[in-house]
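Participant: Below is the structure I would like to discuss, written out as structure tokens.
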Amino acid sequence: MPNDHIPIVGTRKPDSDVGKPGEPAVAGGQQSAEQAAITQQGSGGQTDAARNAAWDGSPKGRNPTPAGGSSDGQSDRPRSPKE
């Protein structure tokens, strides 16, 4: 096989099972009760006015400066090839 050098890890199906139906979806493919409890939104929290009044970060309307001092990650990007 051309990909024999790639270790099979995680959720990859064995080659002999590709194209065959798998196990049924957990919780019938729907959100489980446990997941719903985690993601449930409720009342409470701050109003927009209170949150804005407590703002202590960058100038109003600006995102915080990225950690590390690079220009929004620009230094991590590859350079353009020389022509």
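Under our numbering, the letters of the sequence shown match residues 3 to 85, in that order. Heads up, the beta-carbon is just placed ideally off N, CA and C, and yes, glycines get one too. Keep in mind that this is a model prediction, so the values were computed, not measured.
Put A56 into one of helix, strand or coil per three-state DSSP.
Facilitator: Here the question's residue 56 lines up with position 54 in the sequence shown. Three-state result, A56: coil.
Participant: Report the rounded CA-to-CA distance for S34 versus R53, giving the unit in angstroms.
Facilitator: Numbered from its first residue, the sequence shown carries residue 34 at position 32. Numbered from its first residue, the sequence shown carries residue 53 at position 51. Within the model, the alpha-carbon separation for S34 versus R53 is close to 33 Å.
Participant: Considering just the uninterrupted stretch of the alpha helix (DSSP H) at E36, what are its terminal residues?
Facilitator: Residue 36 sits at position 34 when you count from the first residue of the sequence shown. 35 to 41 is the extent of the alpha helix (DSSP H) around E36.
Participant: Return helix, strand or coil for A51, following the three-state DSSP convention.
Facilitator: Taking the first residue of the sequence shown as 1, we reach residue 51 at position 49. In this structure, A51 counts as helix in the three-state DSSP scheme.
Participant: Once DSSP output is grouped into helix, strand and coil, what is the label at A29?
Facilitator: Residue numbering aside, residue 29 sits at position 27 when the sequence shown is read from its first letter. DSSP places A29 in helix when its eight states are reduced to three.
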